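Student:
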Amino acid sequence: MREVVVVGGGLAAVRAGESLRARGFSGALTVVSDESELPYDRPPLTKQVMAGTLTADDIRLAGAEDFGARWIRGTAAVGLDRERRRVRLADGTQVPYDGLVVATGAQARPWPGEVPAGVLTVRGLDDVRALRAEIDGGAREVVVVGAGFVGVELASSLVGLGLGVRVTLVEPFGRPLRVLGGTAPEVVAEAARRAGVVRLGTGVTGFRVAGERVGGVELADGRVLPAEVAVVAIGMVPATGWLRGAGLALPSGRVHCDERLFARTAGVAGVADPRIVVAGDVARCDAVRGADGPVPLEHWSNAAAQGELAARNLLAGPAAAAPYVHVPSFWTSAFGLRIRSVGLPGTGDRVVVEEGDPGAGKVLEAHYREGRLVGAVSVNLGKRLAGYARRLQEEGGPVAGEAAGGSGVPGGGSAGGAGG
6 MREVVVVGGG LAAVRAGESL RARGFSGALT VVSDESELPY DRPPLTKQVM AGTLTADDIR
66 LAGAEDFGAR WIRGTAAVGL DRERRRVRLA DGTQVPYDGL VVATGAQARP WPGEVPAGVL
126 TVRGLDDVRA LRAEIDGGAR EVVVVGAGFV GVELASSLVG LGLGVRVTLV EPFGRPLRVL
186 GGTAPEVVAE AARRAGVVRL GTGVTGFRVA GERVGGVELA DGRVLPAEVA VVAIGMVPAT
246 GWLRGAGLAL PSGRVHCDER LFARTAGVAG VADPRIVVAG DVARCDAVRG ADGPVPLEHW
306 SNAAAQGELA ARNLLAGPAA AAPYVHVPSF WTSAFGLRIR SVGLPGTGDR VVVEEGDPGA
366 GKVLEAHYRE GRLVGAVSVN LGKRLAGYAR RLQEEGGPVA GEAAGGSGVP GGGSAGGAGG
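The following block contains the structure:
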């Protein structure tokens with residue numbers, strides 16, 4: 006293997022580049038990123054960068070320029086020719102490869118229709134800059150559509166600026182961070198209320214225009230919320246458009262890969278391509294499974310671990326490759342709460358409060374399915390979570406794998422976007 010191409014410029018891509026060199030690859034290494042920025046860590050974007058306590062320089066990924074790669078920045082990959090082993094770029098360039106790492110991550114899911122100026126999404130550094138510019142320019146009425154991790158973190162950061170920003174958090178399902186299951190969403194909801202965030206359990210149908218900008222958010226119940234800025238935080242879309250027609254399996258838009266992170270081809274057989282590995286948010290990995298099949302993960306720790314192993318397995322080849330065995334983990338903070346998780350909470354059929362009191366804003370909950378531990382969540386009791394991580398590792402975790410163990414530990418990374 007003489008030429009390896011990594012497509013993506015986030016955490017998974019950087020870890021893959023580092024791993025290739027650490028494993029002795031001395032050939033040509035090219036990294037293709039559609040962002041012109043130097044690689045950076047995404048989790049701080051919606052928290053510390055939005056709050057102004059960290060700058061762009063503070064979140065640069067250390068080591069990104071130390072592994073001797075040719076970086077192609079600001080140019081997107083737009084196609085893949087697997088037969089000729091070429092990655093086609095937006096400027097017409099074709100980059101040859103012997104081995105390919107797909108680590109293109111995900112993009113913010115856009116509003117399904119045209120939107121006026123002042124309706125934003127947040128995924129990258131430029132998005133945060135644009136939102137902060139709106140606030141610094143005097144916008145004070147902000148509506149956040151969606152109460153997942155990005156929406157909740159942004160709402161918390163905005164009200165914490167001390168600038169009198171009025172935030173309304175609109176979530177049709179009612180509960181913020183509902184993916185966590187158990188009582189944690191109610192704890193977050195109460196903390197948001199105390200912080201002054203108005204939370205509405207209804208859908209959004211569209212946007213009102215005032216002049217050339219957004220002036221209001223139209224709700225499903227007929228109300229219109231005043232808004233000088235609206236942030237659409239309704240999830241992520243895997244960045245796999247460039248892979249359409251390449252013959253790879255793309256269930257739910259993600260690249261399906263086997264337990265060793267080799268990309269599966271389309272069709273019933275779904276055999277692995279020995280020259281293509283997948284890592285990070287873009288992957289739908291056979292090794293990460295819930296009760297109903299493979300589960301995509303958008304956590305920092307997952308992107309880091311998959312990036313490292315994908316590169317290692319690419320060099321080793323399928324016969325000598327190691328399976329991906331990893332206990333998912335994340336942390337986030339919002340409204341004065343420190344929220345941590347291991348495993349796959351929210352996928353169980355029974356939740357047990359092990360410690361604390363949800364009413365007091367501190368709780369540790371274990372999630373079980375058919376009597377087996379599948380995950381645990383803590384709110385302001387993070388130190389207690391290590392034991393549950395060990396149990397998941399010892400019992401094989403909530404994921405399929407050929408060996409126990411893994412690199413997931415409490416505090417392994419924020420949920421606010423893995424970056425690739």
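All residue numbers for the sequence shown refer to our numbering, where the first residue is 6 and numbers rise by one. The C-beta atom is built at its ideal place from N, Cα and C for all residues, glycine as well. In this text, all values refer to a predicted model and were calculated from it rather than measured experimentally.
Taking VAL234 as the reference, which of ASP132, PRO328, VAL332 and ALA308 has the closest Cα?
Tutor: Minimum Cα distance to VAL234 is reached at ASP132.
Student: Taking the alpha helix (DSSP H) that PRO190 belongs to, which residues open and close that run?
Tutor: Where PRO190 is concerned, the enclosing alpha helix (DSSP H) stretches over 189-199.
Student: So for MET6, helix, strand or coil by DSSP?
Tutor: Note: MET6 maps to coil in three-state DSSP.
Student: Quick one: any contact between the segment 278-285 and the segment 304-317, if contact means 3 or more CB pairs under 8 Å?
Tutor: With the cut-off at 8 Å, the segment 278-285 and the segment 304-317 touch.
Student: Which same chain residues, not among the five before or five after GLU375, have their C-beta less than 8 Å away from its C-beta?
Tutor: Same-chain partners within the cutoff: ASP354.
Student: Within 10 angstroms of its Cβ, does THR60 collect 16 or more other Cβ (buried), or is it exposed?
Tutor: Label assigned to THR60: exposed.
Student: Tell me whether the beta-carbon of VAL384 lies closer than 7 Å to the beta-carbon of VAL192.
Tutor: Yes, they are a contact pair.
Student: Going by C-alpha to C-alpha distance, which of GLY15, VAL203 and VAL107 sits closest to ALA160?
Tutor: The shortest C-alpha separation from ALA160 is found at VAL203.
Student: Can you find the residues in the same chain that come closer than 6 Å, C-beta to C-beta, to ALA152, ignoring five residues on each side of it along the sequence?
Tutor: Once the five neighbours on either side are set aside, the close Cβ partners of ALA152 are LEU174, GLU176 and PRO181.
Student: I'd like the span of the alpha helix (DSSP H) that includes GLU158, first residue to last.
Tutor: First-last of the alpha helix (DSSP H) with GLU158: 154-164.
Student: Where do the N-terminal and C-terminal ends of the alpha helix (DSSP H) with ILE140 fall, by residue?
Tutor: It spans 130-141 - the alpha helix (DSSP H) in which ILE140 sits, taken as one unbroken run.
Student: Any contact of the segment 122-130 with the segment 291-303, i.e. 3+ C-beta pairs under 8 Å?
Tutor: Too few Cβ pairs lie closer than 8 Å, so no.
Student: Have a look at VAL229 and VAL149 and give me their C-alpha separation to the nearest angstrom.
Tutor: Rounded to whole angstroms, VAL229 to VAL149 spans 14 Å at the Cα level.
Student: Do you know how far the Cα of GLU139 is from the Cα of ALA111?
Tutor: About 24 Å.
Student: Please name the residue, chosen from GLY252, ARG395, GLY258 and GLY79, that lies closest to ALA244 on a Cα-to-Cα basis.
Tutor: The candidate whose alpha carbon is nearest that of ALA244 is GLY258.
Student: Run through DSSP, which three-state label would LEU255 get?
Tutor: Coil.
Student: Quick check on this structure: which residue in PHE154, GLY272, ARG20 and ARG137 has the alpha carbon closest to the alpha carbon of ALA69?
Tutor: If we check each option's Cα against that of ALA69, ARG20 comes out closest.
Student: Count the CB pairs spanning the segment 271-282 and the segment 86-106 that are closer than 8 Å, and state whether there are at least three.
Tutor: The segment 271-282 vs the segment 86-106: in contact.
Student: Less than 6 Å between C-beta atoms, sequence neighbours within five positions excluded: which residues of the same chain meet that for VAL10?
Tutor: Cβ within range, chain order: THR35, VAL92, VAL100, TYR102 and LEU105.
Student: So, for GLY29: in the same chain, excluding its five sequence neighbours on each side, which residues have a beta-carbon less than 8 Å away from its beta-carbon?
Tutor: Closer than 8 Å at Cβ, skipping near neighbours: LEU320.
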